[in-house]
Amino acid sequence: MNIFRLTGDLSHLAAIIILLLKIWKTRSCAGISGKSQILFALVFTTRYLDLLTSFISLYNTSMKFIYIGCAYATVYMIYAKFKATYDGNHDTFRVEFLVVPIGGLAFLVNHDFSPLEILWTFSIYLESVAILPQLFMISKTGEAETITTHYLFFLGLYRALYLMNWIWRFYFEGFFDMIAIVAGVVQTILYCDFFYLYVTKVLKGKKLSLPA
Amino acid sequence: EDEAVAKDEL
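Taken in sequence, the protein lines are chains A and B.
With this note's numbering applied, the first sequence covers 1395 to 1606.
With this note's numbering applied, the second sequence covers 3 to 12.
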């Protein structure tokens, strides 16, 4: 555990909690892509199946349970509790165009051709692009609530910090996982455009709105 | 060489 890994995990946790609190406090999931949240629930489910087979640490196990629990709570709030506020008309990204090719890729490029390893690989690939329905929704409506942009910022920051963590681990532990690194780079790149808008607009007190 | 990685990361 190094500082980048820890702050990465905390940033990830912050993002998840910010989103849950936003929905809970405003009693609304307007502007949130339910499709992205379903993909994240799928990511955590397929990645953390090793909860059933191996124990790494109390930290590891509790964080996995928190992530999975929060992901399903978010999906429940969007599709059940606050369904009336869900903006499905703007959440039109075709997720099958992500899930199907990524499923195929996970079969072809993995560390080990075993069910758990293939599902883990699938989750890594899927996570890298799971935010696309959300970004697509924002580009469609042309705007995002400020609290939603904080969510996206912490969610993007998390994988960027993991990249630092992997550089650290490569130098100091010789640890190297090509699948995670490539997917992590892709994932971080997808947020770059958003990071730019966040710094130039949101941090200066303006609402994030895209030019028409 | 076993390439499988210990999943200590989240």
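Note that beta-carbon positions come from the ideal geometry of N, C-alpha and C, so glycine has one too.
Taking 8 Å as the upper bound for CB-CB distance, A:A1408 and A:A1435 are not in contact here, some 18 Å apart.
Judged by DSSP secondary structure, A:I1397 falls within the alpha helix (DSSP H) whose first and last residues are I1397 to T1420.
Per DSSP, reduced to three states, the secondary structure at A:A1474 is helical. Assigned with DSSP and collapsed to three states, A:L1510 falls in helix. Close CB contacts of A:F1476 within its chain, under the 7 Å cut and outside five residues either way in sequence, are with I1417, R1421, S1422 and C1423 (chain order). In the DSSP assignment, A:I1426 falls outside any alpha helix (DSSP H) and carries neither an H nor an E. Residues F1564 of the same chain have their beta carbon placed closer than 7 Å to that of A:F1570, with the five preceding and five following residues left out of the count. Apart from sequence neighbours up to five positions away, the residues of its chain that approach A:T1535 with a beta-carbon distance below 6 Å are H1484, ordered along the chain. Annotation: A:T1401 to A:P1509 spans about 31 Å, alpha carbon to alpha carbon.
None of the residues of the region 1467–1483 of chain A has a beta carbon lying less than 9 Å from any beta carbon of chain B.
Excluding residues up to 5 positions away in sequence, S1422, C1423 and A1424 lie with their Cβ nearer than 6 Å to the Cβ of A:T1479 in the same chain.
DSSP places A:A1500 in the helix class (H, G or I) of the three-state scheme. Look at A:Y1545: its C-beta is not under 8 Å from any C-beta on chain B. If you look at A:L1549, you'll find it in the alpha helix (DSSP H) that goes T1540 to E1567.
In the three-state reduction of the DSSP assignment, A:S1451 falls in the coil class. Burial is judged here by how many other beta carbons sit within 10 angstroms of a residue's own beta carbon; A:A1606 has fewer than 16 and is exposed. Below the 8 Å Cβ cutoff, chain B contributes D10 and L12 as neighbours of A:N1454, in chain order. In the three-state reduction of the DSSP assignment, A:E1537 falls in the strand class. Listed in chain order, the non-local C-beta contacts of A:V1493 below 6 Å within the same chain number zero, local neighbours out to five positions each way being set aside. According to the DSSP assignment, A:Y1590 belongs to the alpha helix (DSSP H) that extends over M1572 to T1594. The beta carbons of A:K1601 and A:T1515 sit about 39 Å from each other, so the pair does not count as a contact at 8 Å. Around the beta carbon of A:T1486, a 10 Å sphere encloses fewer than 16 other beta carbons of the protein chains shown; the residue is thus reported as exposed.
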